[in-house]
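Engineer: Have a look at this one before I ask anything.
Chains as they are written, first to last, in this note's numbering: chain A, 1111 to 1584; chain B, 1111 to 1584.
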């Protein structure tokens, strides 16, 4: 056992090491997420508090994501909210592996759903690491005997409301320790292991050990940037979006009739979805002037404003830019029963960011898998996920640009960007074809809508959304 | 009745007027909140949708704040989330006056609480207007007979799930119309009246009338900036924070004993508050190096991380800067049962912003009332609100600056700002005395803690928080 003065000197040295590691992270603009799991809730809180004393408090925050707040959204949703910005640190107490352990110990999770959960945890950690965020995980484990003693003392001595929860007792069990060990092994991203720190009587010593482990892992992370290499995807069969066949059309009368019927129908379906708690995510993508905005307004024409939300996707704000590109979309995952419509979306990563070179090759190349994983999480949480590509021809786009320029009502829609983007028509088309081929999944399919005729496109979009909802509302 | 072509021509002209008004707002960096209330939920959604077509979609968003999401927070909390940034517009469906009308019609709100509610609505609207946000309010009223016909038709023809809610039927009543008229008169900010638009059969005509009213109000707002004049507050009795008496001290042993006892006590109290759903807001303010951070870490030393959250208050982000200064604090109002600790806070408006001239005289002068109103809303929602001024002497601050510079563990806490701020010691002190005198209220009191001795200050802070909580947890 260290004498007090040795302990204090070690803690003082550690304090400086942690400050230095934090400065290095900030200088290199890496984020860090420090996860404190384990079977000892109080110890985790104490350690988090101690870390805020050691670190420069201005760029670190402690959070305890509330699993209950997910209500109908994916398991990882509350954790995504807390993803740190570049150069900043988040300390997470009440982590994803402790929660998963509890669910398994309570017999609420097993078999395929458990395997899917563990895969989703691996993917989440790897995706953060690949984006330059240090993922540092400390598992605080207090031996069953000593933990039980503390828990029962707490129950004995406190008349004013300490409640040792059934969860605390469940996690204290030896069987849970073994279970957690296995889950840690299976639910960790590549090269992102949990570091186990054994807790005991001496708080200061325990925090020293944990702090040393954190300093070591932060140091590593800042030396080797997780340079996930992903090859550029090979070429794909072409022509999906270029057909010589003329786009279908719809005359005004048929359009009026069908539109009225479909709007009423979608109104009913969304009200039913609202009462049943079925959430829906609809994405519209397509070239400039394809008519996404108009299609969305028809889509929502008869919906109750309380049941849906339309999200445009402008250039990211500084807060968004400082985080993983999926963060701002995780934030907008709909509450139970709601419809979220995205006017452009996360696919910007493999479209504009790829074509304009805003994302490196490795970044957009791995994005297909990240996006499929994101959409799989939504579907797994029971949501309807539908993606619509509003497809116009190059000639039609030019006609619409001219029409916009000629109309005082539409002139504001034209920007200097539009003709610049148009010059990259072919590159955009190739990117779109790759995107559709690589992210068309059974749980989140793409629908391609021919849109040289706006009326046809609006009806077809409404039909596709109605079908996706009614398939799930039998 | 207008013929179709006249109607279409009027709508086309209105479309251009609205675009021009929107451009003017953006150029002048005014925000606008367009509120659509009334007794016809579907009509409100339709109008909102139509407005997104008329306005440039890039800077307007529709939202339907979910009153249920407030759960234990103040009534206005969901609306505060949606306050528009400068240069942007928010369209609110499901507004505060319709909701208030419903509560009164359901006999859930009357007497003093109703009067308080109406006052809070007036204050909210005035505070936005004073900050340069256009508050435009449209009350869509469909006559009872025609509304009932539509509602019963909807119920008849739709097997798939349209539910005409009891609220819809209640709002349709003639008595509710009269009630709403009265509430609109009493619950509107000065010069911020509701504009009533009568709905009927013809959707396009109704939207035209509503649009014209909106264009007129936006035009007005952009002509006369709500230049709320508020006089600089007169001088106040001085000396509250400057006492010749020496600061009380605490020796190490007494400190250790009292701290251990108080931390356990606060741990119990916060757990009890958590189970009872009692939320707490604690604010720490004080000069640089007063020891706010250290006091907060001791305060939270034995708390469960899931029960509290510490919020530092760095310089506002661009998103925060573009909105009313209270917005970023409304966002952080704690969920039921949680403790929120603010390391500096909204009082920056009347401290640093006043002293440095970041806020104009009229802005910080009216902030006292705005802050008192904000805290009254928190208290009204049942929260404990406590403000602690950690008070050190000018000499002690200098000693601590030197100690920080000498310590490798603390050097990062010193910035170039610190000595600059110190030069304004007297101005800061005067601002603090004004602030405490003007915002010390029964529901949200100030506690001044002498802090030249850190141990004494930490214990006193813990004691004050324990007392505030235990007073409410009998």
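For every residue, glycine included, the Cβ atom is placed at its ideal position computed from N, Cα and C.
Because the structure is a prediction, the values reported are computed rather than measured.
1. Residues in its own chain within less than 8 angstroms of residue 1524(A) by CB, not counting five upstream and five downstream?
2. Taking just the CA atoms, how far does residue 1577(A) sit from residue 1135(A)?
3. Mapping DSSP to helix, strand and coil, what is residue 1410(A)?
4. Taking Cβ positions, are residue 1422(A) and residue 1453(A) nearer each other than 9 angstroms?
5. For residue 1197(B), which residues of its own chain have a beta-carbon under 6 angstroms away from its beta-carbon, when the five flanking residues on both sides are left out?
6. From 1417(B), 1275(B), 1195(B), 1583(B), pick the residue whose C-alpha is nearest to that of residue 1159(A); which is it?
7. Starting from residue 1284(B), trace the alpha helix (DSSP H) in both directions and tell me its first and last residue.
8. Quick one: which chain A residues come within Cβ less than 9 angstroms of residue 1413(B)?
9. Got a sec: which bits of the segment 1423-1455 of chain B sit with their beta carbon under 7 angstroms from any beta carbon on chain A, in order along the chain?
10. Following the continuous beta strand (DSSP E) through residue 1556(A), name the residue where it begins and the one where it ends.
11. Indicate whether at least one CB of chain B lies closer than 9 angstroms to the CB of residue 1162(A).
12. At what residues does the alpha helix (DSSP H) containing residue 1575(B) begin and finish?
13. Using a Cβ cut-off of 9 angstroms (strictly closer), state whether residue 1403(A) contacts chain B.
14. As an exercise, report each continuous alpha helix (DSSP H) stretch of at least 4 residues that is fully enclosed by the segment 1352-1422 of chain A, in chain order.
15. Check the Cβ-Cβ distances between residue 1173(A) and every residue of chain B, and say whether any is below 9 angstroms.
16. Our contact map puts residue 1323(B) next to residue 1248(B) with C-beta atoms below 8 angstroms; I'd like the distance itself, whole angstroms only.
17. Let me make sure I understand the geometry here. Which of 1484(A), 1478(A), 1494(A), 1308(A) has the alpha-carbon closest to that of residue 1390(A)?
18. Excluding the 5 residues preceding and the 5 following residue 1117(B) in the sequence, name in chain order all residues of the same chain whose CB lies nearer than 8 angstroms to its CB.
19. For the segment 1525-1549 of chain A, enumerate the residues whose C-beta is nearer than 8 angstroms to any C-beta of chain B, in chain order.
20. Which residue marks the beginning of the alpha helix (DSSP H) containing residue 1535(A), and which one marks its end?
21. What are the uninterrupted segments assigned as alpha helix (DSSP H) that are 4 or more residues long and contained completely in the segment 1487-1538 of chain B, given in chain order?
22. Does DSSP put residue 1135(B) in a helix, a strand or coil?
23. State the Cα-Cα distance for the pair residue 1298(A) and residue 1232(A), rounded to the nearest angstrom.
24. Under 7 angstroms Cβ-Cβ, which residues of chain A neighbour residue 1279(B)?
25. Name the chain A residues whose beta carbon is nearer than 8 angstroms to that of residue 1462(B)?
26. Below 9 angstroms between beta carbons: does that hold for residue 1305(B) and residue 1330(B)?
27. Considering only their Cβ atoms, is the gap separating residue 1382(A) from residue 1543(A) smaller than 9 angstroms?
28. Using C-beta distances below 7 angstroms, list every residue in its chain close to residue 1446(B), excluding the 5 sequence neighbours before and after it, in chain order.
29. Can you check whether the CB of residue 1392(B) is closer than 9 angstroms to the CB of residue 1451(B)?
30. Could you pull out every residue in the same chain whose Cβ sits closer than 7 angstroms to the Cβ of residue 1564(A), ignoring the five residues on either side in sequence?
31. Distance, Cα to Cα, residue 1237(B) vs residue 1552(B)?
32. Just to confirm, are residue 1210(A) and residue 1293(A) a CB contact at a threshold of 9 angstroms?
33. Kindly say whether residue 1587(A), judged by its beta-carbon, lies nearer than 9 angstroms to any beta-carbon of chain B.
34. At the level of alpha carbons, what is the spacing between residue 1290(A) and residue 1502(A)?
35. In whole angstroms, what is the alpha-carbon distance linking residue 1567(B) and residue 1477(B)?
36. Do residue 1203(B) and residue 1275(B) have their C-beta atoms within less than 9 angstroms of each other?
Structural biologist: With the given structure in hand:
1. 1511, 1514, 1515
2. 49 angstroms
3. coil
4. yes
5. 1136, 1139
6. 1417(B)
7. 1284-1296
8. 1155, 1159
9. 1424, 1427, 1428, 1429
10. 1556-1560
11. yes
12. 1564-1582
13. yes
14. 1362-1386, 1402-1409
15. yes
16. 6 angstroms
17. 1494(A)
18. 1314, 1315, 1318
19. none
20. 1535-1549
21. 1504-1516, 1526-1533
22. helix
23. 5 angstroms
24. Neighbours of residue 1279(B) on chain A: none; closest Cβ ~16 angstroms, over 7 angstroms.
25. Near residue 1462(B) there are no residues of chain A at all, since even the closest Cβ is about 16 angstroms away, more than 8 angstroms.
26. no
27. no
28. 1181, 1182, 1387, 1389
29. yes
30. 1401, 1404
31. 23 angstroms
32. yes
33. The structure shown does not extend to residue 1587(A), since chain A spans only 1111 to 1584, so no value can be given for it.
34. 53 angstroms
35. 28 angstroms
36. no
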